[in-house]
Each structure stands twice: as structure tokens, then as C-alpha cells.
Amino acid sequence: MNETYSKEYLSAIQEITHPDHTLSATWSAILTMENSADIYHLIQSKRRIDGTISKADIELIQSKCRIDIDEWALGKVDASCLQEYFNDDIEEVHIFDSVMYSLKNLSYDGQMVRLPMQLERKDYETVNTILNALGGKWNKSAKGHVFKEHDPEEVIADFILTGKLEKPKKFGFFPTPPAIGRELLADLPINEDSIILEPEAGTGNLAKLCAEIVDISQIHCFEIQKKNCDVLRNLGFNVTEGDFLQQIPVPFADFVVMNPPFEQQRDLDHVLHALKFLKPGGELRAIMSASLLFRTNRKILEFKALIESMNGSFIENPANAFKESGTLVRTIRLSVKVPLIENAHAVEVLKRFTTQEPVLSEVASPGNLIDRPVPARHEVKQVEFAF
1 MNETYSKEYL
11 SAIQEITHPD
21 HTLSATWSAI
31 LTMENSADIY
41 HLIQSKRRID
51 GTISKADIEL
61 IQSKCRIDID
71 EWALGKVDAS
81 CLQEYFNDDI
91 EEVHIFDSVM
101 YSLKNLSYDG
111 QMVRLPMQLE
121 RKDYETVNTI
131 LNALGGKWNK
141 SAKGHVFKEH
151 DPEEVIADFI
161 LTGKLEKPKK
171 FGFFPTPPAI
181 GRELLADLPI
191 NEDSIILEPE
201 AGTGNLAKLC
211 AEIVDISQIH
221 CFEIQKKNCD
231 VLRNLGFNVT
241 EGDFLQQIPV
251 PFADFVVMNP
261 PFEQQRDLDH
271 VLHALKFLKP
281 GGELRAIMSA
291 SLLFRTNRKI
301 LEFKALIESM
311 NGSFIENPAN
321 AFKESGTLVR
331 TIRLSVKVPL
341 IENAHAVEVL
351 KRFTTQEPVL
361 SEVASPGNLI
371 DRPVPARHEV
381 KQVEFAF
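When we follow the UniProt record's numbering, the leftmost residue of the sequence shown carries the number 1, and every step to the right adds one.
Written out as C-alpha cells, the structure reads:
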């Protein structure tokens with residue numbers, strides 16, 4: 001077997017679906033059910049109005065259909081895990097433009113969501129069904145939908161992006177497809193002397209592309225999942241295991257290439273932090289959520305203003321670009337360079353580094369970006385690099 005697809009590598013890839021699926025009977029059952037047309041159509045026929053399937057129906061399908069389990073599989077099949085998996089695979093919902101317009105222009109007041117206008121009854125019923133399925137409940141006195149368990153802006157944005165109810169994965173880990181990775185790195189002036197950082201490296205899809213140009217010793221990875229770290233080390237990469245946002249920024253890299261987690265706008269936090277690891281004049285390329293193109297909260301508007309002030313750019317990726325990695329979420333590519341600044345200023349900025357809770361400045365600027373501290377909830381660690 002090719003080293004790239006060792007048991008450790010396959011385990012890490014399976015981890016993105018569910019932490020208990022790796023080499024388990026449940027995972028084996030999923031493979032069988034996914035690749036059986038009869039079982040697939042039976043699952044589709046049992047889906048409820050919001051697109052989900054109940055545990056009882058999963059158990060019914062298990063009892064009616066022959067589901068072969070591979071010899072390597074361990075343990076017993078868990079119906080709850082099967083339900084979770086197939087509810088993460090809901091078909092895209094096609095909705096009218098008027099309904100989509102209403103969803104994009106909802107007003108938010110904490111956990112309360114209100115419609116932008118009076119809708120025709122048919123459109124209102126569709127919007128109401130969607131909001132209910134996403135966790136909202138109509139409150140007559142408040143004249144809006146209340147979301148008790150989730151951030152309404154976040155889950156509604158996910159629905160707009162994907163057309164389906166998609167639960168975020170445990171770590172938000174979706175490996176970068178090779179074709180998208182090459183698009184991300186296209187025209188990036190990497191040479192044999194370049195020092196490269198890949199935060200949230202996963203199983204090294206971007207790092208491996210960079211290793212086609214530079215020596216592997218000149219690439220440093222951060223990764224939070226232990227199994228992924230094992231894969232990266234087996235491939236020969238320098239790896240720091242842990243939360244990237246916990247690391248004290250040291251401007252050592254010529255280039256940063258990254259595919260950060262998207263949920264709760266964490267991709268913005270990771271990109272802002274990653275920029276601090278670049279040398280003056282260094283360049284960052286990142287895969288980000290396409291919600292940046294239509295969401296208008298303060299955090300996104302200030303992030304976009306900052307990127308614009310640095311002459312950065314966004315390019316949309318094709319629809320379903322990450323389908324092979326387990327998500328239909330739409331994505332974009334960011335390209336931005338850190339401005340050239342005096343080295344003395346860069347050193348002074350690092351001396352002033354604190355751990356206070358970050359707040360985006362009233363006027364976004366490259367200077368404010370570099371001064372911005374790491375969130376207080378993170379334990380900050382100093383990293384020693386092997387360059």
C-alpha cells in the first residue's frame with residue numbers, strides 16, 4: 001500500500017465523519033449502505049419534511065436490508081451514528097428566489113430572527129418550515145422566530161450556502177481537494193528558499209503540494225487532531241500539535257497556505273492570526289467560507305475592509321468544490337500580502353503582545369491587524385521552529 005494511504009492516513013480521513021467510525025462496524029455499514037442503490041433510495045424515501053431521517057427508520061432499514069460488514073470491522077453497528085451520518089448527507093433543497101431573498105435579508109436580534117417584509121402565504125410557509133427545521137420557533141408576541149440552541153445567523157448562513165441542513169463536523173476538518181489546492185497555490189512565487197507555514201494542516205494536502213517545490217524541512221504545520229499529526233509526521237513534516245490560535249505569532253514565514261475551519265466565522269480568526277506569522281512582504285493564501293460575500297455583520301465587514309486596505313482579493317471556487325471531502329458548502333480563495341514595514345516596528349509589536357480578548361478596531365488597518373492580540377480563552381504557547 002502506498003505510504004500516503006497507510007492505515008493511519010485512512011483513520012485520519014475517517015475521523016472527519018465521526019470519531020467512532022474509524023475501522024468500526026458502523027463505518028463498514030455506512031460504506032455498504034452508501035454504495036447500495038436500493039438502500040440509498042429507501043433512505044431517501046424515509047426522509048421527513050426537513051430532509052432528516054429518524055433513528056427508528058434507520059433501524060427499520062437495518063432490519064429489512066442485508067448490510068454486509070467487512071472482516072476488518074470492529075464492534076457493533078450503532079444506529080445513532082448511522083442516523084447522524086445520513087443526516088449529514090441531506091440532498092440540496094431548491095427554493096424560490098423570493099424565499100432566498102427573505103433568508104438573506106432577515107434581521108437578527110440576539111437569538112431572535114424577523115422577516116424583512118410581509119410574504120405571500122406560500123413563501124411564508126416555506127420560510128417558516130426552513131426556520132423551524134434549523135431550530136427556530138415562532139414567538140407570536142415577539143413576532144419572530146427564537147433560536148434557543150444555536151446561533152441563528154450561523155445556521156441560516158450555512159443553509160444559504162449549501163441548500164441543506166449540515167451539522168458542522170467536530171473539528172470543522174474538510175481536506176482540501178488536490179484540484180482546489182493547486183488553484184490556491186497558482187502563481188504563488190514559492191522558490192526553493194521559501195519558508196512555508198500551513199496552519200490547520202489536516203493530513204497535509206496543501207503541504208504536500210508545497211513540498212513539490214521546496215524541501216520538506218522548510219514547511220511547518222500546525223494541527224489540532226492527534227491522528228492527523230501522526231500522519232503528517234509519517235510524511236516527514238515538522239508539526240506542532242495543538243490549537244493554532246494558542247500559538248504566539250513569530251513572523252518567520254514567507255508564505256502561509258491554509259484551509260481553516262469555517263463554523264462560527266472561525267476562518268476569519270485563523271486568517272487574522274496567521275497573518276502575524278508572515279515576514280514583511282509575505283503572502284497568505286486561504287480557503288474561506290463564501291458567506292463572506294453576503295453576510296454583513298460587523299466582524300465580516302471589518303475583515304473585508306482590512307483585506308481591501310491590504311489590496312487583497314477573493315475568488316469564488318466552483319460549486320461543490322469540496323464535495324469529495326464531505327461538504328457542499330461554497331468556498332472562496334483569499335490572496336493577501338502583509339505590507340512591508342520597518343523591522344524595528346515589527347519587533348516592538350511583538351514586545352507589546354498581550355492575551356486580552358481581541359476586538360476589531362473601529363477603522364481596520366494593517367497596523368491594527370498586527371497589534372491585535374490573541375483571545376484570552378486560549379493558553380498562549382511559544383513555538384520553536386526547526387529552521
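Yeah, the Cβ is synthetic: ideal placement off N, Cα and C, and Gly gets one too. Because the structure is a prediction, the values reported are computed rather than measured.
Q: Using 10 angstroms around the beta-carbon of Ser80, count the other beta-carbons present and answer buried if the total reaches 16, otherwise exposed.
A: The residue in question, Ser80, is exposed, as its Cβ has fewer than 16 Cβ neighbours within 10 Å.
**Q.** Selection from Ala56, Ile67 and Thr331 that minimises the alpha carbon distance to Ala286
**A.** Out of Ala56, Ile67 and Thr331, Thr331 has the C-alpha closest to the C-alpha of Ala286.
**Q.** Whole-angstrom distance between Glu241 and Lys226, CA atom to CA atom
**A.** Roughly 7 Å between the two C-alpha positions.
Q | Exposed unless 16 or more other CB atoms sit within 10 angstroms - verdict on Asp57 | A | By the Cβ neighbour-count rule, Asp57 is buried, with 16 or more other Cβ atoms within 10 Å of its own.
Q: Ignore the nearest five residues each way along the sequence and tell me which others in Gln83's own chain have a CB closer than 8 Å to its CB.
A: Ile53, Ser54, Lys55 and Ile58.
Q: Would you mind sorting Met33 into buried or exposed? The rule is 16 or more other CB atoms within 10 Å of its CB.
A: Met33 is buried by the Cβ-count criterion.
Q) Looking only at its own chain, which residues have a Cβ that is under 7 Å from the Cβ of Glu384, when we skip the five neighbours before and after it? A) With a pLDDT of 45 at Glu384, under the threshold of 50, the predicted position of this residue should be treated as unreliable, though the coordinate-derived value follows. Same-chain partners within the cutoff: there are none.
Q. Is Glu283 helix, strand or coil when you go by DSSP?
A. Look at Glu283 here: in three-state DSSP terms it is strand.
Q.
Between the stretch 248-260 and the stretch 190-198, can you find at least three pairs of beta-carbon atoms closer than 8 Å?
A. A contact exists between the stretch 190-198 and the stretch 248-260.
Q: Could you tell me the boundaries of the beta strand (DSSP E) in which Asp109 lies?
A: In the DSSP assignment, Asp109 falls within the beta strand (DSSP E) that extends over Ser107 to Asp109.
(Q) Using 7 Å as the threshold, is the C-beta distance between Phe277 and Pro249 below it? (A) In contact: Phe277 and Pro249 (Cβ atoms closer than 7 Å).
Q | Cutoff 7 Å; reference Asn105; Cβ partners in own chain excluding five residues on either side | A | Pro116.
Q. Under three-state DSSP, which class holds Met258?
A. Met258 falls in the strand class under three-state DSSP.
Q. By Cβ distance below 6 Å, which residues in the same chain neighbour Asp68 in space, the five residues on each side in sequence not counted?
A. Scanning its chain for C-beta atoms nearer than 6 Å, with the 5 sequence neighbours on each side dropped, one finds around Asp68 the residues Thr32, in chain order.
Q) Leaving out the 5 sequence neighbours to the left and right, which residues in its chain are closer than 6 Å to Phe222 when beta-carbon positions are compared? A) Cβ contact annotation for Phe222 (same chain, cutoff 6 Å, sequence separation greater than five): Pro199, Thr240 and Phe244, in chain order.
**Q.** Close Cβ partners of Leu188 (< 7 Å) along its chain, the five nearest in sequence each way excluded
**A.** The beta carbon of Leu188 is closer than 7 Å to those of Phe255, Glu283 and Arg285 in its chain, skipping five residues each way along the sequence.
Q) In terms of residue numbering, what span does the alpha helix (DSSP H) encompassing Lys122 cover? A) Annotation for Lys122: the continuous alpha helix (DSSP H) segment containing it runs Arg121 to Ala133.
Q. Start and end of the alpha helix (DSSP H) containing Met100?
A. Where Met100 is concerned, the enclosing alpha helix (DSSP H) stretches over Asp97 to Lys104.
Q: Provide the residue span of the beta strand (DSSP E) that contains Glu316, from first to last.
A: Residues Ser313 to Glu316.
Q.
What does the Cβ neighbour count give for Glu153, buried or exposed, with the cut at 16 atoms within 10 Å?
A. Burial is judged here by how many other beta carbons sit within 10 angstroms of a residue's own beta carbon; Glu153 has at least 16 and is buried.
Q) Whose C-beta lies closer than 7 Å to the C-beta of Ala25 among residues of the same chain, with five residues either side of it excluded? A) Here the set comprises Ile69, Ala73, Leu74, Gly75, Lys76 and Val77.
(Q) Assuming Glu59 is part of the alpha helix (DSSP H), what are its boundary residues? (A) Lys55 to Lys64 is the extent of the alpha helix (DSSP H) around Glu59.
Q. Thinking C-alpha only, which one of Gln218, His41, Asn238 and Leu103 is nearest Asp158?
A. When only C-alpha atoms are compared, the closest one is Leu103.
Q. Buried or exposed: where does Trp27 fall if 16 or more other Cβ atoms within 10 Å of its Cβ makes it buried?
A. Burial call: buried.
Q: List the DSSP bridge partners of Gln264.
A: DSSP output for Gln264 lists no bridge partner at all.
Q | Proximity test, Met117 beta-carbon vs the ligand ZN heavy atom, cut-off 6 Å | A | Among the components modelled here there is no ligand, and therefore nothing to report on the ligand ZN.
Q: Sort Asn128, Asn311 and Gly236 by Cα distance to Leu119 and report the nearest one.
A: Among Asn128, Asn311 and Gly236, the Cα nearest to that of Leu119 is on Asn128.
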